[in-house]
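S.K.: 15 is the number of the first residue of the sequence shown in our numbering; add one for each residue after it.
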Amino acid sequence: MARRKKVYEGHVKTLFEGPEPGTLVQYFKDDATAFNNTKHGIITGKGVLNNRISEHIMSRLNDIGVPTHFVRRLNMREQLIKAVEIIPIEIVVRNVAAGSISTRLGIAEGTPLPRSILEYRYKSDELGNPMVSEEHITAFGWACTHDLDDMMSLALRVNDFLCGLFFGIGIRLVDFKLQFGRLYTADDEMQIVIADEISPDNCRLWDMTTGERMDKDRFRRDMGKVEEAYQEVARRFGILPESGRPSDYKGPRVMQ
Ligand code: 5GP
């Protein structure tokens, strides 16, 4: 069997050359990392769940005209994506105080924010993805003001849409992180698209009635039942059988 060429190996995902020019295959591992990769673990089945949850969310975004790199899911752990030039700036969108904003500004976790707040992070493992300002981004040429305008309006649009999508399944979208890429078309046009994944790995998701955490904070804070929480998100989206166990899928079958 021909071996695929690995293009990039991340902590939780691997990228392989895709079947057609301009495409890549994104493989979801079960690895989990936190605190700038100083904490590592394996959460059995996480890759399968995140592949499905991210597929569901990216497909809905594509449906409403928010451009993403997602093309289609290929199998349990892989999806076909468009090859993009990754912009080294991540945007964190916050609706409710939690995590680093609570520590940094002394706001109790769970406090609703006066409005959605966007933060920019410079993508650098060595530096621990530091928060940066628009000044840093444009002065160092990581993105231009046009790119930033597009990224900001995409982030707010994604936030509005995802708040509603999660509300519909009884989940509060506390915050999340987005990555962006530049997609070049055949006629040399450039479009900024949502890249990476959107899953409980990079969102804070709290049950609307119990406040229970259904995201990677369960791993970060040693709360246990990480896989179960991810399964519950997938189950509520209707993308897993009632048992929620990906292993309940026997043999090849067409999945929605
Ligand atoms: P915080 O700044 O509070 O640590 O994170 C804010 C939000 O962005 C959380 O939903 C968190 O999951 C996500 N986030 C921020 N940085 C990272 C990162 O490096 N990796 C992942 N998976 N999520 C991140």
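Here a beta-carbon is modelled for each residue, glycine too, at the ideal position from N, C-alpha and C.
For clarity, every value in this text was computed on a predicted model and none was experimentally measured.
1) Span of the beta strand (DSSP E) holding PHE233?
2) In three-state terms, what does DSSP make of GLY24?
3) If we ignore side chains and look at the alpha-carbon of each, how far apart do GLY55 and PHE190 end up?
4) Inspect the beta-carbon positions of GLU99 and ARG196 and report whether they are closer than 8 angstroms.
5) Name the DSSP beta bridge partners of TRP220, please?
6) Please look up how many angstroms separate the CB atoms of ARG86 and LEU94, rounded, as I've assumed it's under 8 angstroms.
7) Quick one: any contact between the segment 130-149 and the segment 99-119, if contact means 3 or more CB pairs under 8 angstroms?
8) When you compare each of PHE84, PHE42, ASN51 and GLY36 to GLY142 by their alpha carbons, which one comes out closest?
9) Between ILE208 and THR82, how many whole angstroms is the CB-CB distance? I'm expecting something under 8 angstroms.
10) Tell me whether GLY32 sits in a helix, a strand or coil according to DSSP, three-state version.
11) When you compare each of THR47, ALA112, HIS150 and ASN64 to ARG234 by their alpha carbons, which one comes out closest?
M.R.: So, from the listed chains and residues:
1) Numbered from its first residue, the sequence shown carries residue 233 at position 219. Element bounds for PHE233: not the beta strand (DSSP E) but the alpha helix (DSSP H), 231-234.
2) In the sequence shown, residue 24 corresponds to position 10, counting from 1. Coil.
3) In the sequence shown, residue 55 corresponds to position 41, counting from 1. In the sequence shown, residue 190 corresponds to position 176, counting from 1. Distance between the alpha carbons of GLY55 and PHE190: 21 angstroms.
4) Sequence index remark: in the sequence shown, residue 99 carries index 85 (1-based). Sequence index remark: in the sequence shown, residue 196 carries index 182 (1-based). Cβ distance < 8 angstroms, so GLU99 and ARG196 count as in contact.
5) As a position in the sequence shown, residue 220 is number 206, starting the count at 1. Beta-bridge pairing links TRP220 to ARG186 and ARG227.
6) By one-based count along the sequence shown, residue 86 stands at place 72. By one-based count along the sequence shown, residue 94 stands at place 80. Sure, about 5 angstroms apart at Cβ, within 8 angstroms.
7) yes
8) In the sequence shown, counting from the first residue as 1, residue 142 sits at position 128. Among PHE84, PHE42, ASN51 and GLY36, the Cα nearest to that of GLY142 belongs to ASN51.
9) What you label residue 208 is simply residue 194 of the sequence shown in a count that begins at 1. What you label residue 82 is simply residue 68 of the sequence shown in a count that begins at 1. About 4 angstroms; that satisfies the 8 angstroms criterion.
10) For the purposes of this step, residue 32 is taken as residue 18 along the sequence shown, with counting starting at 1. In this structure, GLY32 counts as coil in the three-state DSSP scheme.
11) Start at 1 with the first residue of the sequence shown, and residue 234 comes out as number 220. Among THR47, ALA112, HIS150 and ASN64, the Cα nearest to that of ARG234 belongs to THR47.
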